[in-house]
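Asks: 75 is the number that my numbering gives the last residue of the sequence shown; the numbers go up by one with no jumps. The beta carbon of each residue, even a glycine, is placed where N, CA and C say it ideally should be.
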Amino acid sequence: YVANSPNDILMDINGQAYYVLLSGRWYSAKSLEAGDWSYVSSEKLPADFAQIPEGSDKDVVLASVAGTQA
6 YVANSPNDIL
16 MDINGQAYYV
26 LLSGRWYSAK
36 SLEAGDWSYV
46 SSEKLPADFA
56 QIPEGSDKDV
66 VLASVAGTQA
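1) Name the one or two DSSP bridge partners that Ser-33 has.
2) Are Tyr-6 and Ile-14 closer than 8 Å when you measure CB to CB?
3) Starting from the Cα of Trp-31, find the closest Cα among Ser-43, Gln-56 and Ala-55 and give me that residue.
4) Who are the near neighbours of Val-70 in its chain, counting only those whose CB is closer than 7 Å to its CB and skipping five residues on each side?
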């Protein structure tokens, strides 16, 4: 994840894409600088997002990840 941002920005290593959570909605882009962000439904997020441990720095995003109990 991106630690030096007030936003919840995660990177999917396998897909080499960044994801940002804004107002409960996910967006993705291949580059942080490109500005070419596309909406991604919660059901289409990388499966690893559901594995974010509760109590971690980014567990707040679990409420917006399909299939999680948060």
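Replies: Short version:
1) Tyr-24 and Ser-43
2) yes
3) Ser-43
4) Ser-47, Leu-50, Phe-54 and Ala-55
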